[in-house]
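J.: Note that the working numbering has the sequence shown beginning at 1059, numbered continuously upward. Attaching a single structure in structure tokens format; questions to follow.
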Amino acid sequence: MVTNVTLEVVTREYDGLRARYPTFCGCETCRGDVLVYALNRLQPHYVSTRAGEIIAGLNLGTDQEMAKLAVVLIDGLRRVALAPRCGSPAVQLP
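What follows is the structure, given as structure tokens:
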């Protein structure tokens, strides 16, 4: 089975960052839009074995990669909050 480790890391980090922005809608549509925004800006890391998953996870877990991921996710949260497709009111995130 082929796995995109980047997807797993982005999803996990989204859940952690989402709590910092209580005014963000966070419905499935908005969540999906943020994840797609981030994944389209980050390099995918596909693996087919558990060992590959562990190694890719370690590489993605470096401080530099986590900072890059956080910046992309926060940018996505802000952009989606300004123009949510779900119909909720637009908000300006800090």
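We treat Cβ as the ideally placed atom computed from N, Cα and C, and that holds for glycine.
Okay, do the stretch 1092-1106 and the stretch 1130-1139 touch, 3+ Cβ pairs below 8 Å being the bar?
T.: With a cut-off of 8 Å, the stretch 1130-1139 and the stretch 1092-1106 count as touching, because enough Cβ pairs lie within range.
J.: Tell me which residue opens and which closes the alpha helix (DSSP H) that residue 1128 is part of.
T.: Position 70 of the sequence shown, counted from the start, is the residue given in the question as residue 1128. Its alpha helix (DSSP H) spans residues 1121-1140.
J.: Roughly how many angstroms lie between the CA atoms of residue 1138 and residue 1088, to the nearest whole one?
T.: Start at 1 with the first residue of the sequence shown, and residue 1138 comes out as number 80. Start at 1 with the first residue of the sequence shown, and residue 1088 comes out as number 30. Their backbone Cα atoms lie some 7 Å apart in a straight line.
J.: Can the beta-carbon of residue 1127 be found less than 8 Å from the beta-carbon of residue 1079?
T.: Here residue 1127 corresponds to residue number 69 of the sequence shown, with the count starting at 1. Here residue 1079 corresponds to residue number 21 of the sequence shown, with the count starting at 1. Going by C-beta atoms, residue 1127 is not nearer than 8 Å to residue 1079.
J.: Beta carbon of residue 1063, beta carbon of residue 1111: below 8 Å?
T.: Along the sequence shown, read from residue 1 onward, the residue named residue 1063 stands at position 5. Along the sequence shown, read from residue 1 onward, the residue named residue 1111 stands at position 53. Taking 8 Å as the Cβ cut-off, residue 1063 and residue 1111 qualify as a contacting pair.
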